[in-house]
Every structure is written in structure tokens, then in C-alpha cells.
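> At position 77 of the sequence shown (counting the first as 1) the number is 63 in my numbering, and the numbers step up by one without a gap.
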Amino acid sequence: MLAEEGDPSGMIADATAAGATSGVIFWPERFAGAPVIDPGEIASITLKADPTTNRFFSFLSMVIPSNDTFIGNEDSMAYEVFTAIGEFTGLGPI
């Protein structure tokens, strides 16, 4: 659904089932059109997560103008934000 329709609901359902914290910068039900983020522009989102259970950061984004080109991390443990005891690793803005 994400590739063809830009609908992240399947990804959100998977994250929720795994007990993860999730967020979306764009969702068709909330915005009339996709907010195109041009080169040099910035988009951000603030998430609240339990540092003892949500230790890692994963991301996925569709590259415009293609609906089948994406960027994301394959390894769900590639970006450790908190240690096993919940301490911030110092991983800066992602």
C-alpha cells in the first residue's frame, strides 16, 4: 500500500503489533496532497518513546516523483538511540 498509494497504515499496524512507537510526516487521510520536501528543505517529527523498550530508530520514505523508489534502513538495529538500560547514546538528530 505504501508503494502504490502512499498509505502507511500497513507499516503502522506492523509497528504497533511489535510494540513500537511510530509516527508519520504524511498520511493521505490527514493531508489533501503529499508535502513534497525539496532538496535543501527539512521535515521533522517529534516522538515520545520508552527508552527501555524502544531502543532503535528505523525509517522509510518514498522518493518523489517515483512511487516505487524508497529510502530506509534494512537493519532494524542499525540506529541505536538508547542503550539496554535506557541511556541516550548521543545519536544526534536523525
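Note that the Cβ used here is the ideal one computed from N, Cα and C, for glycine as well. None of these values were measured; they are calculated from a predicted model.
Around the Cβ of Phe56, are there at least 16 other Cβ atoms within 10 angstroms (buried) or fewer (exposed)?
Exposed is the call here.
> Which first and last residues belong to the beta strand (DSSP E) in which Ile(-2) is found?
Looking at the DSSP string, Ile(-2) is not in any beta strand (DSSP E); the run it does join, the alpha helix (DSSP H), is -5 to 3.
> Is any heavy atom of the ligand MG found at a distance shorter than 6 Å from the C-beta of Asp54?
With respect to the ligand MG, the structure shown offers nothing to examine, as it has no ligands at all.
> Going by beta-carbon coordinates alone, are Glu73 and Phe42 separated by less than 7 Å?
Taking 7 Å as the Cβ cut-off, Glu73 and Phe42 do not qualify as a contacting pair.
> Alpha carbon to alpha carbon, what distance is there between Met63 and Asp(-7)?
The alpha-carbon atoms of Asp(-7) and Met63 are separated by roughly 24 Å.
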